[in-house]
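First up is the structure itself, then whatever we jot down about it.
There are 2 protein chains.
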Amino acid sequence: MAKRERGTLSRAEIVRVAMEVAEAEGSDALTFRRLGPALGVAPTAVLRHFRDKDELLLAIGAQLLENALAEVDHDEPSWRERIMSLSRATRRAFVAHPRVAALVATRTLRQEAEFRTVELIIGAMEQAGLSGRAAASMYRVVADTVLAWTAFEANVHAVGLDVMRQDGLAWDREYVVLPADRYPHIRGVAEHLSEVDREDQFELALELVLDAVEARGTAAGHLLDGGANGASGDECQPDTLDIAVNCER
Amino acid sequence: MAKRERGTLSRAEIVRVAMEVAEAEGSDALTFRRLGPALGVAPTAVLRHFRDKDELLLAIGAQLLENALAEVDHDEPSWRERIMSLSRATRRAFVAHPRVAALVATRTLRQEAEFRTVELIIGAMEQAGLSGRAAASMYRVVADTVLAWTAFEANVHAVGLDVMRQDGLAWDREYVVLPADRYPHIRGVAEHLSEVDREDQFELALELVLDAVEARGTAAGHLLDGGANGASGDECQPDTLDIAVNCER
DNA sequence: ACCTGAACACCGTTCAAGT
DNA sequence: ACCTGAACACCGTTCAAGT
Numbered sequence: 001m002a003k004r005e006r007g008t009l010s011r012a013e014i015v016r017v018a019m020e021v022a023e024a025e026g027s028d029a030l031t032f033r034r035l036g037p038a039l040g041v042a043p044t045a046v047l048r049h050f051r052d053k054d055e056l057l058l059a060i061g062a063q064l065l066e067n068a069l070a071e072v073d074h075d076e077p078s079w080r081e082r083i084m085s086l087s088r089a090t091r092r093a094f095v096a097h098p099r100v101a102a103l104v105a106t107r108t109l110r111q112e113a114e115f116r117t118v119e120l121i122i123g124a125m126e127q128a129g130l131s132g133r134a135a136a137s138m139y140r141v142v143a144d145t146v147l148a149w150t151a152f153e154a155n156v157h158a159v160g161l162d163v164m165r166q167d168g169l170a171w172d173r174e175y176v177v178l179p180a181d182r183y184p185h186i187r188g189v190a191e192h193l194s195e196v197d198r199e200d201q202f203e204l205a206l207e208l209v210l211d212a213v214e215a216r217g218t219a220a221g222h223l224l225d226g227g228a229n230g231a232s233g234d235e236c237q238p239d240t241l242d243i244a245v246n247c248e249r
Numbered sequence: 001m002a003k004r005e006r007g008t009l010s011r012a013e014i015v016r017v018a019m020e021v022a023e024a025e026g027s028d029a030l031t032f033r034r035l036g037p038a039l040g041v042a043p044t045a046v047l048r049h050f051r052d053k054d055e056l057l058l059a060i061g062a063q064l065l066e067n068a069l070a071e072v073d074h075d076e077p078s079w080r081e082r083i084m085s086l087s088r089a090t091r092r093a094f095v096a097h098p099r100v101a102a103l104v105a106t107r108t109l110r111q112e113a114e115f116r117t118v119e120l121i122i123g124a125m126e127q128a129g130l131s132g133r134a135a136a137s138m139y140r141v142v143a144d145t146v147l148a149w150t151a152f153e154a155n156v157h158a159v160g161l162d163v164m165r166q167d168g169l170a171w172d173r174e175y176v177v178l179p180a181d182r183y184p185h186i187r188g189v190a191e192h193l194s195e196v197d198r199e200d201q202f203e204l205a206l207e208l209v210l211d212a213v214e215a216r217g218t219a220a221g222h223l224l225d226g227g228a229n230g231a232s233g234d235e236c237q238p239d240t241l242d243i244a245v246n247c248e249r
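These protein sequence lines are chains L and Z, in that order. With UniProt numbering, the residue at position 221 of the first sequence is 221, and numbering never jumps. With UniProt numbering, the residue at position 88 of the second sequence is 88, and numbering never jumps.
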């Protein structure tokens, strides 16, 4: 070995090469033993910069989130556009590196990139008219919706483009030949099942959540303006399941 | 070894014990080498019943889905209630075995339990008034919403109850001490961030999607038979996205 | 301080051999 | 037909030793 000068290995370079290795050879290939040679270094040298493999994975997750945040226009005046921009950027950043994304998308990162993302979303919630508990609650719905869908999609893409295409065909193949007496509903729409665009669903699911934010924010605004009456006023019961309503005491 | 008569090992028993081992010792412990002794058998004996580890994982996923389907009342007349029932049952079944659930929730199973689930959801979409491409599209939004949230939640639970509680505290600890000048919005609601109930968010996210299904189904019904649609109430306006309105009768 | 190389305690999977 | 045990090609992580 000995192909590289001492002190030239950095966390940033390790993260970069780790992502390359995982995308090129499959996420199973992301091992210290392969990563070392790819960096021109002994496999165990990486452990001088990351305590264990988990710490490396979290750093990769942070990098993906950094990539997403870099694309967001933080001066966009509309809170709704800011959230959509962040969501689309996150989706793009994760799908651009599906194999590593699948490994980290459901992790809690607790790094600076995560703090900044939380800050951005909560700021948007407050601009929408929510505050306190309602803002915290809706932040979580928005964040988890983006993360859950992103993780799901990353997992789908991580299996590889060829397998994915084959999976799409499987909807045509396997589902079309299911016995019609036992699966009449599937047979009725089987031909359409493979046509569905996943990006459209992501957007739709998000729009629905943001509609809810908007409705609740406006209602809360009315309350502040003096209107103690209205649909939302009666819903502020301590035992109600409708957590999104602003029940500030 | 030799603790067990020949021919008494079955796929069902392997799946059952595998789930026990994973929940008791952590999902990392789900290896053939530990599974064998737990079954009173050589580690490689399991390979006589499952081609490889992936096939075992898919069988575990199918079992989880079977558990969920067994709880659903298939004769429930309201399509909306059937979907909610299926969704809650899926959530319960997966959270009841979080460690194995985390391993399989994002997989495509392509087994009988999955076919039956697809059939149930598409049937509900058609009863809601959707058909063809719209039914297929909305099926995917509903199914992916349930799967994505379930997978996400399973991953959260899989880290262990103690770590989870510590994570909850982390919201109090780490987020409360963030510098207020850089993260003013976080500081404003930090005290509420740890109070959010995840089950409520799951329900809310689902209700939002089902509202969309209902709105589209009613609209389609109006187009088809000029206004009267038995499956949905007339008081549900198709263009109303105000999710505070519940169209359930 | 940073890196190496051997060692330790594990993996999944294959395969000839047993019953 | 079903199961065993050895073997093969891998893992992450530790640690004494080098520079």
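Glycine included, C-beta positions come from ideal geometry on N, C-alpha and C.
Item	Value
Chain-ordered neighbours of L/R110 on chain Z, where CB pairs are closer than 8 Å	A170 and E174
Nearest candidate by alpha-carbon position, reference L/R91, set L/I60, L/G36, L/L39 and L/F202	L/F202
For Z/A45 and Z/L206, the rounded distance between their alpha carbons	43 Å
Proximity test, Cβ basis, 8 Å: Z/F94 and chain L	no
Spatially closest choice to L/A12 from L/R133, L/T145, L/L57 and L/R198, by CA coordinates	L/L57
Complete beta strand (DSSP E) runs within the segment 37-83 of chain L (minimum length 3 residues, chain order)	none
Range covered by the alpha helix (DSSP H) that runs through L/R140	G132 to A158
Between the CA atoms of Z/R216 and Z/W149 - distance to the nearest angstrom	23 Å
C-beta neighbour in chain L for Z/D144, strict 8 Å	yes
Contact with chain Z by L/S85, beta-carbon distance below 8 Å	no
9 Å Cβ cut-off: residues of chain L touching Z/H74	The premise fails here: Z/H74 is roughly 12 Å from chain L at the closest Cβ pair, so nothing lies under 9 Å.
Given 8 Å, three or more beta-carbon pairs between the segment 97-110 of chain Z and the segment 8-27 of chain Z	yes
Contact set for Z/V213: own chain, Cβ-Cβ below 6 Å, skip 5 residues either direction	A128 and M138
Expected contact under 8 Å - CB spacing of L/V17 and L/L47 to nearest Å	Not confirmed; about 15 Å, so no contact.
Residue-level contact to chain L via CB, Z/G226, 8 Å cutoff	At Z/G226 the pLDDT is 41, less than 50, meaning the model places this residue with poor confidence; the figure from the coordinates comes in the next sentence. False, the Cβ-Cβ gap to chain L never drops below 8 Å.
Contact the segment 117-128 of chain L vs the segment 68-83 of chain L: 3+ CB pairs below 8 Å	yes
Listed by chain order, chain L residues near Z/F152 by CB distance under 7 Å	T106, D144, L147, A148 and A151
Residue-chain proximity (L/D28, chain Z), Cβ-Cβ < 8 Å	no
8 Å Cβ cutoff met for Z/A62 and Z/A105	no
C-alpha distance - Z/F152 paired with Z/A102, whole-angstrom precision	8 Å
Closer than 8 Å to chain L by CB, Z/G132	yes
Neighbour flag for L/E114 against chain Z, beta carbons, 8 Å	no
Residue-level contact to chain Z via CB, L/H192, 8 Å cutoff	yes
DSSP state of Z/D225 mapped onto helix, strand, coil	Summary for Z/D225: the model assigns pLDDT 49, below 50, so the residue's position carries little reliability; its value from the coordinates is reported in the next sentence. In the structure shown, Z/D225 sits in a helix (DSSP, three-state: H, G or I).
Whole-angstrom distance between L/L64 and L/D73, CA atom to CA atom	17 Å
Start-to-end residues for the alpha helix (DSSP H) that takes in Z/T117	E112 to Q127
Closer than 8 Å to chain Z by CB, L/V118	yes
Residues near Z/R4 by beta carbon distance below 7 Å, same chain, minus five either side	G40 and V41
Nearest residue (CA-CA) to L/S85, options L/L193, L/G221, L/H157 and L/L210	L/L210
Classification of Z/G221 by the beta-carbon crowding that lies within 10 angstroms, buried from 16 upward	buried
Cβ of Z/N67 within 8 Å of any chain L Cβ	no
Close beta carbons around Z/G230, own chain, < 6 Å, minus the five adjacent residues each side	Unreliable placement is indicated for Z/G230, whose pLDDT of 39 sits below 50; the coordinate value is still reported in the next sentence. Cβ within range, chain order: n/a, list empty.
Nearest-angstrom beta carbon gap, L/I83 and L/V141 [assumed within contact, 8 Å]	So it is not a contact: roughly 11 Å between Cβ atoms.
Simplified DSSP assignment, three categories, for L/G7	coil
Interfacial residues, the segment 32-66 of chain Z to chain L, with Cβ spacing under 8 Å	none
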